[in-house]
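Shown next, in structure tokens, is the structure this report addresses.
In this note's numbering, the protein residues as written are 3 to 154.
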């Protein structure tokens, strides 16, 4: 009887610890599936995008667009940061003075969406990982642009 109580107590402690750890993991959103070097070739241009997880609360990235000669057409600094209880996507194009911030509204295993109602275009930025592709979609109402990146 004492052995059964001891085993029962040990099992209860183990389940409590396991539940506590799993709850803690759910509080952390993992963007590792975005990490790496990505590229997309279009008609006369190439877009490179790089993402790197700096910590549990910060992803840093950048995007560079070049023409077929390799001349830079545009650059953009990108970040995903946790502030208080929310995650934000911050985009700073090289031609703009100030960054634009989007609040995360959807997160799943391989998809994340960020929204900024006051931004003219885009209002919505979504990243989806499908196999060896990273698909970025930006939109505002009927205007939608999709970028299908492949691993570099």
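Just so it is clear, CB atoms sit at the ideal spot from N, CA and C, and this is done for glycine as well.
(request) Please state if the CB of residue 90 and the CB of residue 103 are separated by a distance shorter than 7 Å. (result) In contact: residue 103 and residue 90 (Cβ atoms closer than 7 Å).
(message) Going by DSSP in three states, residue 73 sits in which element: helix, strand or coil?
(response) coil
(message) Check this for me: beta carbons of residue 128 and residue 139, under 7 Å apart or not?
(response) yes
(message) I need the straight-line Cα distance from residue 78 to residue 58, nearest angstrom please.
(response) When rounded, the distance between both Cα atoms is 22 Å.
(message) Using only the alpha-carbon positions, how far apart do residue 47 and residue 40 sit?
(response) Residue 47 and residue 40 have their C-alpha atoms some 14 Å from each other.
(request) Closer than 7 Å by C-beta to residue 88: which residues in its own chain qualify, once you throw out the five before and the five after it? Chain order, please. (result) So the list reads 105, 106, once near-sequence residues are dropped.
(message) So that I know if they touch, is there some Cβ in chain C lying closer than 7 Å to that of residue 38?
(response) The displayed structure is made up of one protein chain only, and chain C is not part of it.
(message) Between residue 95 and residue 76, how many whole angstroms is the CB-CB distance? I'm expecting something under 8 Å.
(response) 7 Å
(message) Quick check: the Cα distance between residue 142 and residue 117, rounded to an integer number of angstroms?
(response) 10 Å
(message) Applying the 10 Å Cβ sphere with the 16-neighbour rule, what's the burial state of residue 65?
(response) The residue in question, residue 65, is buried, as its Cβ has 16 or more Cβ neighbours within 10 Å.
(message) Could you compute how far the alpha carbon of residue 85 sits from the alpha carbon of residue 33?
(response) 15 Å
(request) May I ask you to report which of helix, strand or coil DSSP gives residue 34? (result) helix
(message) In this structure, how does DSSP classify residue 48 when only helix, strand and coil are distinguished?
(response) strand
(request) Compare the Cα-Cα distances from residue 145 to each of 137, 122, 37 and report the closest residue. (result) 122
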